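Contents: one structure, followed by commentary.
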Amino acid sequence: MIVVKDNSFMGIIQELLSIHNECDACLNSLLSEYTSIINENLSKKRYRERIDLLCKKYNVSFRINDLERAIEDTKNLRKKALKTMLDPCDIEVLSLKLEDSMETMLFILRAISDSDSNIVIKLF
């Protein structure tokens, strides 16, 4: 159950925007660190070590080789989250984890987009 501290649809939208902004900041930080690793011209072994640490830091649940795909999937998820705010029935949820805020966002998006879902969003 997601609890939103507002009794209107705008409260849900504001909560989604807040979560989106957290995810956006996390992604920008991840991209910045990833870019700096690439620009360092490290040996393959050192590169893999640094990327592995980066994956652990951001809790990216992909293999090292798939980090770029994970970043691209996150960009797509952000676009879909914004689109969902305009049309809650049009969403394809991706299985990417970036911190707890991403899981919360995915949960909210699933609740909004699945008409057969028994998930309840409680407003107060």
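Heads up: the sequence shown is residues 1297 to 1420, going by this note's numbering. Positions of the beta carbon are idealized from the N, C-alpha and C atoms, including for glycine. Note that this is a predicted model, so its numbers are computed, not measured.
What is the DSSP secondary structure of residue i, reduced to helix, strand or coil?
i, result
"TYR1343", "helix"
"TYR1354", "coil"
"ASN1337", "coil"
"TYR1330", "helix"
Near residue i, which residues of its chain fall below 6 Å by C-beta distance, leaving aside the five closest residues on each side in sequence?
i, result
"LEU1326", "TYR1354"
Shortest alpha-carbon distance to residue i belongs to which of the options?
i, options, result
"LEU1350", "SER1339, THR1331, ASN1337", "THR1331"
For residue i, count neighbouring C-beta atoms within 10 Å of its own C-beta (all shown protein chains included) and say buried if the count is 16 or more, exposed if not.
i, result
"GLU1347", "Residue 1347 is actually Ile in this sequence, not Glu. Its Cβ being crowded by 16 or more others within 10 Å, ILE1347 is buried."
"GLU1311", "buried"
"ILE1421", "Examination of residue 1421 is not possible in this model, given that the chain is present from 1297 through 1420 alone."
Is residue i a contact residue of the ligand PLP, with contact defined as CB to any heavy atom under 7 Å?
i, result
"HIS1316", "The ligand content of the structure shown is nil, which means the ligand PLP is not present either."
Enumerate in chain order the residues of its own chain whose CB-to-CB distance from residue i is below 7 Å, with the five nearest sequence positions on each side excluded.
i, result
"GLU1329", "LEU1350"
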